[in-house]
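See structure below.
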Amino acid sequence: MRSFIKYFIVVFLGTIHLGYAQELVNLQGVVKDNLGETVIGATVVIKENNKFGQTDSNGKYIIPKLQSNKQYTVEVSYIGYTFFSQQLTLTGDKTFNITLKPDNYNLSEINIQAKSKVQLVKEKAYNVAVVDAVKLHSRAMDIGHALDKVSGIRVREDGGVGSNMNISLNGYSGNQIKFFIDGIPMDNFGSAFQMNNIPINLANRIEIYKGVVPVGLGSDALGGAINIITNTYDKTSLDMSYSYGSFNTHRTNVNFVFVDKKSGFFTQLNAYQNYSDNDYKVRADVNDINSGVIIGQNVKVKRFHDKYHNENFVGQIGLVNKSFADRIAIGINLGQSYKEVQTGARIQTVFGKLHQRGDIVMPTFVYKKNNLFTEGLDVSINANYNLGSDQVIDTVYRRYNLLGDYVDYEDMYGKKGGERNRTLYKYKNNNGMVNTIVNYKLGSKHNFSLSNTINFFKRKGEDELYPNDILKNKPSETTKNISGLSYQYTPSTVWGVTAFGKYYNQHIKYTESYNPSGQWGDYAYREYKKDNNEFGYGITGSVFVLDNLQLKTSFEKSIRLPSSNELFGDNVNTVGVGTLRPEKSYNYNLGVNYQPHIGKYHSFNIDVNGFFRDSKDFIHQKLIGATKDKLGFENVASIKNTGIEGEIRYFYKRNFNIGVNGTYQNMINTNKYVGGLESPIYKDKMPNIPYMYGNADVNYTFDKVFKDDNLTLGYSVMYIKSFYLYWPSLGSRADGKFDVPDQVSHDLLVTYSFGKDTKYQFTFEARNMFDKVVYDNFSLQKPGRSFVGKFRYFF
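Residue numbers for the sequence shown follow the working numbering, so the first one is 326 and each next one is one higher.
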């Protein structure tokens, strides 16, 4: 820890010292069209260094901290207007107003966010999709569900609000996909701050990297990453919303940002809560609580022990656009969560009192400085430390059925037990992280990036019911250090290529029990230590064959180190395996994006991506235990996955769009021999993983329904092809060869926006309108038909 603190202080003070004594100027102005109307949401780009500013509700933009006495190229690209480009020399702060001319076609709306982010889609070689989260702020959803409509992504969850969520991206899922918030890894943030409870209003946009991940996102993603971008801190804003829905579900969010442009001071306060009884009905076989005899098959019963709520506060204060820092801030993330556990890994295991609690206490620090003593040298430091904890409470010695009937137990010694394992185990997943990124842009063609992420994890717990339990009292620790170096060559906006290398190091330490003599009842304890050292590399490139036709391709040897959850479990439904080996995968990707335009009002976006994954030591989740009610992990020696995903979308003006996307993946076990014998599951599809799924949706906006009010209607449908729950070659249907059947779900959306500036919005949603039975994980049913309304105010 001392070396970590010393490293942090040295880098921090050094970057501040180097940030002084620069003569920097600001470029600002207003963007209008040929009729003199202001253009809102256009992005003004400096071509030489990719700095940008976006126009506000008054058409104003500002690009701070540019080098004085230097010539720059100013570019603007916006839907419905011709491309603007002009060179100018800055000798001091300058006001530069821009007039855009109308074009005879529109840019595709689906790519507005990606291209308005400095048109980097044309220059980046990464296969990245972007969700414009601002357009979803009227919806009553968390960030996880906002991803469910993206091509190639499948969001899987155990049930309703707050349930375990698993996001699959092109064949990889769970811990194989890494999550970031403003580029900061979200590893071990705790149960109180996760994708299943963060409201969509917290995000400005969401970047989805399919395949190769930039080294700046310093983590061990095996085949993809999701980066949540929050506020830009460039203006004062307020966003408040409240929603109420079926199953007594309440969601509240307040997001306030204050910016004093003169002093550069800013503060950001975000508070939100989620609550739901999750008492929706499911279909299942019901047993008599005393005899165990099935008294009803496929009976519709209400979940009675699935309440969830969480409350979270994110605060930050700091300075922006100062001579010593473009942004420097300290913050705190405080939160708590409560979750009742209704079932085990399968619906047949029923609980009535077992529950979990969690909290997060996380101080944060951010420092960013562009052009750090020389043009093109950018440095950023992010650090946090989670002091939060989680607890499992299981002290009621009962057995329940799905009707809520129960039987009390007491063992022969008169001691109480629990529904699963009697426990009050409380543990701290203390996690510290320091992420340092140094970028150097040499001219307009060459860019170098160096990153290093240190992640410290220590689980220390105790159980007041078993104070002398050595395994629970001894800490479990992992330390990960991931370093990356990349070189990007972009000779023009037509093509570019990036090569990179990554080094991975992990140290694991925990206490395990063993049998020293081999005799029954003889056990002892020993410390287990292990080090993993791996090296990965790759190359990615893109080229525009035509102005609206782009090809992207990449290759990567990726490494994914076992996570703390896989190594140590969660003490509820998941059993850790401390001896897991790192996953390795050779990943190949090829993508095509085509954006044809017809006339002034019609445009299309066609996106197709093919991928091939050759993975070794693939970490596979499986059911374990005598009753198959818990989850465990194993390394599968060899897995190959060939797949294709794509989307086509049509736009008419800004009022109408319709689209469909689909994914097919053939994920095969290629481990031929086990113990010298040919494996019976050789060439089997991987179980409990959907291999074909897709979405379709249509949306129309009626302008000026009443004066300046707008009405948006949306309809969507989700389809998942049936898939096996276990290995296909094992057993028959008569012996319990279960599968998850075909699933189709329909949703309806209505949003009404009041007034010219649309500061007030009301949204109504009907989900799973036809009340179909839908599953994700091990046949655990999700909610049926539900309704929700949301009111939002913002400025």
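Ideal Cβ positions, reconstructed from N, Cα and C, are used throughout, including at glycine.
- In the structure shown, lysine 797 adopts helical secondary structure according to DSSP, grouped into three states.
- Cβ neighbours of glycine 729 within its own chain (closer than 6 Å, five residues either side excluded): Phe629.
- The count of Cβ pairs closer than 8 Å, one atom from the stretch 801-818 and one from the stretch 530-548, reaches three, so the stretches are in contact.
- Serine 883 places its beta carbon less than 8 Å from that of glycine 548.
- Between the C-alpha atoms of glycine 378 and glycine 589 there is a straight-line separation of about 16 Å.
- In this structure glycine 957 is in contact with isoleucine 949, their Cβ atoms being roughly 4 Å apart against a cut-off of 8 Å.
- Contact between the stretch 975-982 and the stretch 1011-1018 is absent, with fewer than three C-beta pairs closer than 8 Å.
- For lysine 426 and phenylalanine 409, the gap between their C-alpha atoms comes out near 8 Å.
- Unbroken alpha helix (DSSP H) stretches of 4 residues or longer found wholly inside the stretch 860-939: 889-893, given in chain order.
- Measuring C-alpha to C-alpha distances from alanine 1091 to each of Lys1097, Val1113, Val1099, Ser1070 identifies Val1113 as the nearest.
- Spatial neighbours of isoleucine 531 in its own chain (CB-CB distance under 6 Å, excluding positions within 5 residues in sequence) are listed in chain order as Val456, Ala458, Ile553.
- One Cα belongs to tyrosine 828, the other to glutamate 859, and the distance between them is close to 6 Å.
- Between leucine 679 and valine 666, the CB-CB gap stays under 8 Å.
- Collapsing the DSSP output to three states places alanine 528 in coil.
- Bounds of the beta strand (DSSP E) holding histidine 634 are 633-645.
- Of all alpha-carbon atoms in Gly935, Ala1021, Phe591, Val961, the one lying nearest the alpha-carbon of lysine 941 is that of Val961.
- Comparing alpha carbon positions, the residue from Val822, Arg885, Ser662, Tyr1044 closest to tyrosine 497 is Arg885.
- Membership of histidine 470 in the alpha helix (DSSP H) is indicated by the continuous run 468-471.
- Per the Cβ contact rule, the stretch 898-905 is not in contact with the stretch 930-940 (fewer than 3 Cβ pairs under 8 Å).
- DSSP lists Gly984, Ser1041 as the bridge partner or partners of aspartate 1022.
- Taken through DSSP and simplified to helix, strand or coil, leucine 461 comes out as helix.
- By a beta-carbon distance limit of 8 Å, lysine 1097 contacts valine 1069. Their separation comes to about 6 Å.
- Counting C-beta atoms within 10 angstroms of its own C-beta, tyrosine 734 has fewer than 16 neighbours from the protein chains shown and is therefore classed as exposed.
- By the criterion of at least three beta-carbon pairs nearer than 8 Å, the stretch 757-768 is not in contact with the stretch 787-796.
- With a cut-off of 8 Å on Cβ pairs, the stretch 873-881 is in contact with the stretch 912-919, counting three or more such pairs.
- Glycine 1039 and asparagine 934 have their C-alpha atoms roughly 26 Å apart.
- When the five nearest sequence neighbours on each side are left out, the beta carbons in the same chain lying within less than 6 Å of the beta carbon of glutamine 411 are those of Val399, in order along the chain.
- Assigned with DSSP and collapsed to three states, glycine 843 falls in coil, not helix or strand.
- With fewer than 16 neighbouring CB atoms inside 10 Å of its own CB, lysine 1032 falls in the exposed class.
- In the DSSP assignment, aspartate 1072 forms a beta bridge with Ser1041.
- Burial state of glutamate 959 is exposed, judged by a 10 Å Cβ sphere holding fewer than 16 other Cβ atoms.
- For the 8 Å CB-CB criterion, alanine 550 and lysine 503 form a contact.
- Cα atoms of serine 1054 and valine 1065: separation of roughly 16 Å, rounded to the nearest angstrom.
- Secondary structure of glutamine 501 (DSSP, three-state): helix.
- In the DSSP annotation of this structure, the continuous segment of the beta strand (DSSP E) that includes isoleucine 718 starts and ends at 714-718.
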